[in-house]
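First comes the structure, then the notes that go with it.
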Amino acid sequence: MPSSKHSLKVQNNTTYKQLPIDSVRVGRPRLGTYNRLLSRFYEPLFLLRVLGQTRGQHTRGPPDHSLEQARRRKFLRNLAYVCDFTKGGSSCTAIGLEDSETCYNFWIASNASSDKIVEFAKNALGHLKQTTSITGDLDEGQTNANFISFCLNFAISRVKKERQCLFQAIKQCYCIPGSVRMEQDQVLKDRLDLILEQDDCLALCHYAYVQIKSEFARVIGLKAQDEERLMGPGDKRSPFALVIHYLGRLADHIRAPSQLVEDACHLSHILDSHQVVAIPCVSSVPRPVPDNLTTLDGVLNRMLKKDDPEKLQIKNLLLSINFRSQSRTFQDFLVQYDKCTAQVHAEVQVLDHFFWQNLSFVGNDRYIACSKPACLCCELYFRHHPARMVVPESHSKVWVNWSPQLVKNPTRGDPEYDLQVKVLNEMTNELRRAVIAQIFDQSSPSPWHPDSQTAISNDRWSRIDLEELRGNAFRYSSADGILEMEAAKHSTAKVLEANKLRTYVSDEDSDADCGGVSLKI
11 MPSSKHSLKV QNNTTYKQLP IDSVRVGRPR LGTYNRLLSR FYEPLFLLRV
61 LGQTRGQHTR GPPDHSLEQA RRRKFLRNLA YVCDFTKGGS SCTAIGLEDS
111 ETCYNFWIAS NASSDKIVEF AKNALGHLKQ TTSITGDLDE GQTNANFISF
161 CLNFAISRVK KERQCLFQAI KQCYCIPGSV RMEQDQVLKD RLDLILEQDD
211 CLALCHYAYV QIKSEFARVI GLKAQDEERL MGPGDKRSPF ALVIHYLGRL
261 ADHIRAPSQL VEDACHLSHI LDSHQVVAIP CVSSVPRPVP DNLTTLDGVL
311 NRMLKKDDPE KLQIKNLLLS INFRSQSRTF QDFLVQYDKC TAQVHAEVQV
361 LDHFFWQNLS FVGNDRYIAC SKPACLCCEL YFRHHPARMV VPESHSKVWV
411 NWSPQLVKNP TRGDPEYDLQ VKVLNEMTNE LRRAVIAQIF DQSSPSPWHP
461 DSQTAISNDR WSRIDLEELR GNAFRYSSAD GILEMEAAKH STAKVLEANK
511 LRTYVSDEDS DADCGGVSLK I
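Take the sequence shown: its letters are residues 11 to 531, numbered as in our numbering.
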């Protein structure tokens, strides 16, 4: 008689849990409608994750319908970006702009660090308000420089980690002996090595901002394309592609503050009468836990209808996938339960707050800005929520730490519970369809890509030959001279020179390694 307990497999002296195949009615059934709802949501989410985290390319951001709307949205996106002060997801920031009877309210939520972010946003918006009354090119230039320094100081730990990731990518570009085969390779390697000598964060960001649209970046982009044509779908990025990515990340620390200063004068009516308000912390649902019903048969029974004629075929295909992966698929499925630290993502917090408080968006534009593209679950939540929100751009990747807001009274007839049941059922159905499509397709998942995007696009990477590179050699050298001058001009002490502004320097400035069946209510 098969056991309902999770079987164990020993491999390389390590013991792994195995997802059981057959369901056996041993132990208590899943009690509570809410618990069953959440279990049925996380099962296809975890299965989709082990079948492939990346579900497609980045989706485009929503279209803008007027210049005013475009400018306001860009302002909110850039404000969210400069508030996101650490690499990773803990300081991911989302902002909704309310048009209240008394003023404009910037409602801010983050994944973990809202108090620090709200205080920074208050000072940043206060400074931007002052810039709307400044006249004269000289004063405007100094104001822009001061604001860039102010924002960079706040995000110094993030900048240092991005710099470290850039340096690691550069070191991987020509790490194999004999990889410098042509004169163009040597020219490119020499130029990349010069970047490794830069230890001034502000100067490096300025350099990246200039170089990201240069011929230098185009050459790196071509190398990335050539390498990635030879890579398999399971491989990550070419180190040359990562160089472009992190140059773009560093350049954004100049671009975003500069655009905020530029757009502030067009939004003076908002800046003249505004408040910054933190969205109160909300609780996530409990971490999902596997039980005696967490078996292959049990998962498929909940994903598919009872009389689904393709159930056996889907089961056999999954068994085949698991066999080809040397049992890693079923192992990794159970690992997701341990990895899942359920968290209500920042943009979901803002959506829920505006919806339940019945707040009005400026210009009736139901747009929420976020410092990072939405994960797959956030995209689905926005798409299926009855608030009719603007669906955000998404990196189309599965993150299993996603959580809806915990419903305190999960009983039928409670408005919050009834709405969450509806939305989660629709999200669950989409996840199930994606899982089944992947199983039938038997193809490799989409190639990995970073969650964030850079300011350079592939369509700019047209062919360039050595003569063109030589022709731009003086231009490159001039840029290096600018880099050196910037490093001297903005010494470590002067990087923190915006004393007129309230300065934030993170304590975390050490470099880190880069690393079926709907439930009825």
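We put the beta carbon where it would ideally sit given N, CA and C, even for glycine.
Quick caveat, the model's predicted, so the values are computed rather than measured.
The residues 324, 327, in chain order, have a CB closer than 8 Å to that of residue 450 in the same chain once the five nearest residues on each side in sequence are set aside. Each of 114, 94, 137 was checked against the Cα of residue 126, and the nearest Cα belongs to 94. Along the length of the stretch 78-112, whole beta strand (DSSP E) runs at least 3 residues long occupy 103-109, reported in chain order. The beta carbon of residue 104 lies closer than 6 Å to those of 119, 356, 357, 360, 378, 380 in the same chain, with the five residues before and after it left out.
A straight line joining the alpha-carbon of residue 178 with that of residue 209 spans about 14 Å. Here residue 211 is buried. Its C-beta has 16 or more other C-beta atoms within 10 Å. Distance from the CA atom of residue 404 to the CA atom of residue 384, rounded to whole angstroms, is 4 Å.
As the crow flies, the alpha-carbon of residue 228 is around 13 Å from that of residue 194. Secondary structure of residue 120 (DSSP, three-state): strand. Close CB contacts of residue 350 within its chain, under the 8 Å cut and outside five residues either way in sequence, are with 52, 56, 297, 298, 410, 411 (chain order).
Your pair residue 113 and residue 363 does not check out as a contact, with CB atoms roughly 17 Å apart and the cut at 8 Å. Residue 185 counts as exposed, since fewer than 16 other C-beta atoms from the protein chains shown sit within 10 angstroms of its C-beta. When DSSP reads this structure, residue 384 sits in a beta bridge with 404. Pairing residue 81 with residue 172 gives a Cβ-Cβ distance that is not under 8 Å. Distance from the Cα of residue 443 is smallest, within the candidate group 353, 315, 371, for 315.
Contact annotation: the stretch 434-442 does not touch the stretch 363-376, with fewer than three C-beta pairs closer than 8 Å.
By the Cβ neighbour-count rule, residue 124 is buried, with 16 or more other Cβ atoms within 10 Å of its own.
Counted as a single uninterrupted DSSP element, the beta strand (DSSP E) harbouring residue 288 occupies residues 284-288. Out of 44, 333, 156, 31, the CA that lies nearest to the CA of residue 424 is found in 44. Across the set 166, 352, 133, 252, the C-alpha of 252 shows the shortest separation from the C-alpha of residue 232. In the assembly as shown, residue 333 is an exposed residue. Its beta-carbon has fewer than 16 other beta-carbons within 10 Å.
Between residue 73 and residue 401, the C-beta gap is not smaller than 8 Å, which leaves the two residues out of contact. With a 10 Å radius around the Cβ and a threshold of 16 neighbouring Cβ atoms, residue 320 comes out exposed.
Going by C-alpha positions, residue 203 is about 14 Å away from residue 257. In the three-state reduction of the DSSP assignment, residue 115 falls in the strand class. In terms of Cβ geometry, residue 84 and residue 168 do not form a close pair [threshold 8 Å]. The three-state reading of DSSP puts residue 208 in coil, since its state is none of H, G, I, E or B. Shown here, residue 159 sits in a helix according to DSSP, grouped into three states. Within the model, the alpha-carbon separation for residue 165 versus residue 131 is close to 13 Å.
Straight across, the Cα-Cα distance linking residue 142 with residue 280 is about 11 Å.
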